[in-house]
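Worksheet: the structure to be examined is printed underneath.
In this note's numbering, the protein residues as written are 117 to 491.
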């Protein structure tokens, strides 16, 4: 019976961990299986920490808005651990008229769905963040956006879930899901068999291969996400930062370090052999972009860089769904690098799905079969 639980969760990133916590709160027994020897070793701990609503696909936006209003502000107290959440707004910066057109489009679409985003000029942006370059001529501004510490948030959910009795098993690579009488029932690993009434697949890109074992395909690819961190700086600004062209994104942490993510465009040519290693060109490329927007950071030293794989969906929107052909299986993957900010909402919804409750928000836009050819 030690390998049996009400719910088996595959994947111990922030989606799996948050779901485990919310299920344990409901009194469910939960086992979480993680292929890596480490908790949150993928994109969950290797991202810019954005808890943003602005700039999201209209299908994702309700998830982000719900979390920013109802979950993130209380999360540190609820989990008993500071996740370094700041709700000091999001500046998405522009230096050209073409940039402003992009930002205007994002702003109009967000406002149409009820999110408070405004376009501001360069002087107004500098009133919010005096360290901006004079090259910045405008920005979109969402005062209810924020950021948090990805590693701490992932581990806080893990820690609290364990306190509530969730069993986490690392170094346990899942090979397939087995159906009994048409229902997903067993999870097979390299070293054992686990059984549950419900199986939640939240293993990032690895989910595609595992889902295929029960005849389900999720159209997604794997991409490398890279992040850098500076030495500690004096307190300067705590807005979440980004640009119209996504040159970089990031924030200043409680510690004082700046954490920035970005890309060089050469990630696909990196010979990583399946290991998430940084590209020698990426950090310098990100830094050049940052210095054009924040000259004050030109002399800040980079103390480390790191990388992790994310699961990119064909339409850049996650799959959060029951599977009609495989009762008992719930998919939670293909988050395309957007999963961290919506993880408390998604964890809440998945816990409701697993226990037969109506989700707090509609998930019809995230169905797994939205890619199927309609006849």
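For glycine and all other residues, C-beta sits at the position ideal for the given N, C-alpha and C.
What residue ranges within the segment 139-194 form continuous beta strand (DSSP E) runs of no fewer than 3 residues, ordered along the chain? 146-150
Reduced DSSP category for residue 412 - H, G, I as helix; E, B as strand; rest coil: Looking at residue 412 - three-state DSSP - the assignment turns out to be helix.
Can we say the segment 143-156 touches the segment 177-190, given the rule of at least three CB pairs closer than 8 Å? no
Taking the CB atoms as reference points, tell me whether residue 423 and residue 340 lie closer together than 8 Å. yes
Helix, strand or coil for residue 93 per DSSP? Since the first residue shown for the chain is 117 and the last is 491, residue 93 is missing from the structure and cannot be characterised.
Mind checking residue 368: buried by the 16 CB within 10 Å criterion, or exposed? buried
Counting only runs of 3+ residues fully inside the segment 271-328, write out the beta strand (DSSP E) ranges in chain order. Note on the segment 271-328: whole beta strand (DSSP E) runs with a minimum of 3 residues are 283-286, 290-296, 299-305, 309-317, in chain order.
With distances taken Cα to Cα, identify the nearest neighbour of residue 238 among 215, 222, 231, 232. For the residues 215, 222, 231, 232, the minimum Cα distance to residue 238 belongs to 215.
Cβ atoms of residue 463 and residue 134: under 8 Å apart, would you say? yes
Could you tell me if residue 415 is buried or exposed, where buried requires 16 or more neighbouring beta carbons within 10 angstroms of its beta carbon? So residue 415 ends up on the exposed side.
With residue 257 and residue 233 assumed to form a contact (beta carbons below 8 Å), what rounded beta-carbon distance in angstroms separates them? Contact between residue 257 and residue 233 holds, with the beta-carbon distance rounding to 7 Å and staying under 8 Å.
According to DSSP, is residue 374 helix, strand or coil? strand
Alpha helix (DSSP H) segment containing residue 253, residue limits: Residue 253 -> no alpha helix (DSSP H), and no H or E assigned at all.
Compare the beta carbon distance of residue 319 and residue 449 with 8 Å and say whether it is the shorter of the two. yes
So what's residue 419 in DSSP terms, helix, strand or just coil? Here residue 419 sits in strand by DSSP.
Tell me which same chain residues have a C-beta within less than 6 Å of the C-beta of residue 309, skipping the five on either side of it? Taken in chain order, the residues that qualify are 302.
Identify which residue in 170, 182, 140 has its Cα closest to the Cα of residue 459. 182
Within the continuous beta strand (DSSP E) that includes residue 437, where are the two ends? 435-438
Answer with buried or exposed for residue 208, where buried requires no fewer than 16 other C-beta atoms within 10 angstroms of its C-beta. When all chains shown are included, residue 208 counts as buried.
Can you tell me whether residue 240 is buried or exposed, with buried defined as 16 or more other CB within 10 angstroms of its CB? Classification of residue 240: exposed, given that the 10 Å Cβ count is below 16.
Helix, strand or coil at residue 468 according to DSSP, with G and I counted as helix: helix
When you compare only the Cα positions, how much space is there between residue 140 and residue 146? 7 Å
When 406, 351, 283 are compared against residue 251, the one with the closest alpha-carbon: Residue 406 is the option with its Cα nearest to residue 251.
By the 10 Å Cβ neighbour count, where 16 or more other Cβ atoms means buried, how is residue 224 classified, buried or exposed? exposed
Does the beta-carbon of residue 212 have 16 or more other beta-carbons within 10 angstroms, so that it is buried, or is it exposed? exposed
Rounded to the nearest angstrom, what separates residue 472 and residue 293 at their Cα positions? So the two alpha carbons sit approximately 21 Å from each other.
Which listed residue (421, 408, 411) has its alpha carbon closest to that of residue 399: 421
Measure from the alpha carbon of residue 195 to the alpha carbon of each residue in 137, 204, 170, 323, then state which is nearest. 137
For residue 487, is the classification buried or exposed, using 16 other Cβ atoms within 10 angstroms of its Cβ as the cut-off for buried? exposed
Take residue 467 as the anchor and find which of 437, 480, 483 has the nearest alpha-carbon. 437
Rounded to whole angstroms, what is the Cα-Cα separation between residue 199 and residue 395? 29 Å
How is the alpha helix (DSSP H) around residue 358 delimited, first residue to last? It is not in any alpha helix (DSSP H) - residue 358 instead sits in the beta strand (DSSP E) that spans 356-359.
CA-CA distance, residue 397 and residue 377? For residue 397 and residue 377, the distance between alpha carbons rounds to 13 Å.
Express the C-alpha separation of residue 185 and residue 206 in angstroms, rounding to a whole number. 15 Å
Residue 281: buried (16+ other C-beta within 10 angstroms of its C-beta) or exposed? exposed
Classify residue 224 as helix, strand or coil using the three-state DSSP reduction. helix
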